[in-house]
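Accompanying notes for the structure given below.
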Amino acid sequence: MFGQTPGKSWYFPTAVHAEAVHRLMYVAENGEPFVLVQGNPGTGKTTVLQQVHDECSRFGHSVSRISAAALDAFSFLWNLAGSLTISLHDDVRMNQLMSSIRDELAGRALCHHRTIVLIDDIDRAIEDLSGAIDFLIAINQQTDGFVSVVASGDLSAPNNLTRRSVLKVDLPELDVDAAKVVALKRLKSLYVARTAFTDCAIDFLVQTADGNMSRIERLCEVISVAHQAEPQALIDSLTLDSLMSETLLPQGLRI
Numbered sequence: 009m010f011g012q013t014p015g016k017s018w019y020f021p022t023a024v025h026a027e028a029v030h031r032l033m034y035v036a037e038n039g040e041p042f043v044l045v046q047g048n049p050g051t052g053k054t055t056v057l058q059q060v061h062d063e064c065s066r067f068g069h070s071v072s073r074i075s076a077a078a079l080d081a082f083s084f085l086w087n088l089a090g091s092l093t094i095s096l097h098d099d100v101r102m103n104q105l106m107s108s109i110r111d112e113l114a115g116r117a118l119c120h121h122r123t124i125v126l127i128d129d130i131d132r133a134i135e136d137l138s139g140a141i142d143f144l145i146a147i148n149q150q151t152d153g154f155v156s157v158v159a160s161g162d163l164s165a166p167n168n169l170t171r172r173s174v175l176k177v178d179l180p181e182l183d184v185d186a187a188k189v190v191a192l193k194r195l196k197s198l199y200v201a202r203t204a205f206t207d208c209a210i211d212f213l214v215q216t217a218d219g220n221m222s223r224i225e226r227l228c229e230v231i232s233v234a235h236q237a238e239p240q241a242l243i244d245s246l247t248l249d250s251l252m253s254e255t256l257l258p259q260g261l262r263i
């Protein structure tokens, strides 16, 4: 019931993301009730949550991770119950669902076992999940901090969720220098030799991505595919521009 397989630790090449992970781990380790991570699409919110998931698992905490996209409050709690391995009947009512979750989390707390609930895309839920968050915050108080909630959402997330957050954690777009670091490290991880592309190609990539980590990732993958197809070819800005046109990436980059 309580066992978790430790995850590997990721390395974040930017101070912004490393700081976000540290602040979220502070929330988890100190039993704070709720924190909201905000940022534009593609700024790395999901990646940060994955790092928090891995770190919490490494410390032996139980971690439930749920995407709230297209969920209402009942569906969200149903998914949470499933991630907590709670057996439920198909016709369960909301009060029974909440009672089952409360009992499970309280039981874990009595065993001094911490539970972290990670919620991705909370701004994309089909209804306001503030009531569900308040329910989990109440359990946090009842268990002396053994249940914490970390959620992520765009800057359009409801203000009432922002007000409930114990910390302000924002993920901005990367500046030019940080974007270059991310791109170079990502290309290295994709086994693209530094001699396979020019400085102009990196400058063009950074300019096109406009500080967005998701766009940087996609452009690095384009370079990787081109490099695998022609390992001896030198990729410059014109080549990358041509590859983007061929793969229709200009449209795909408009997140």
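9 is the number of the first residue of the sequence shown in this note's numbering; add one for each residue after it.
Cβ coordinates follow ideal geometry from the N, Cα and C atoms, glycine included.
Compute every distance between the C-beta of residue 32 and the non-hydrogen atoms of the ligand SAM, then say whether any falls below 7 Å.
The model on display carries no ligand, and the ligand SAM is accordingly not part of it.
Note down, one range per segment and in chain order, each alpha helix (DSSP H) of at least 4 residues found wholly within the region 69–104.
81–91
Indicate the three-state DSSP secondary structure (helix, strand or coil) for residue 51 in the structure shown.
coil
Can you say whether residue 194 is buried or exposed, counting buried as having 16 or more other CB atoms within 10 angstroms of its CB?
The residue is buried, with at least 16 neighbouring Cβ atoms inside 10 Å.
Stretch pair the region 213–230 + the region 178–189: three plus CB contacts closer than 8 Å:
yes
For residue 32, the first and last residue of its enclosing alpha helix (DSSP H):
If you look at residue 32, you'll find it in the alpha helix (DSSP H) that goes 23–37.
Cα-Cα, which of 215, 176 and 231 is closest to residue 203?
231
Once DSSP output is grouped into helix, strand and coil, what is the label at residue 200?
coil
Check whether the region 127–141 and the region 74–84 touch, using three or more Cβ-Cβ pairs below 8 Å as the test.
Cβ pair count under 8 Å is three or more, so yes.
The alpha helix (DSSP H) that contains residue 164, what's its start and end?
Element bounds for residue 164: n/a, residue is neither H nor E.
Alpha carbon to alpha carbon, how far is residue 52 from residue 102? Give it in angstroms, no decimals.
33 Å
So residue 64 and residue 56 are in contact, right, with Cβ under 8 Å, and what is the actual spacing, rounded?
The C-beta distance from residue 64 to residue 56 rounds to 12 Å, too long to fall under 8 Å, and the pair is not in contact.
In terms of alpha-carbon separation, which member of 39, 43, 38 and 24 lies closest to residue 176?
43
Applying the 10 Å Cβ sphere with the 16-neighbour rule, what's the burial state of residue 161?
Buried, by the Cβ-count rule.
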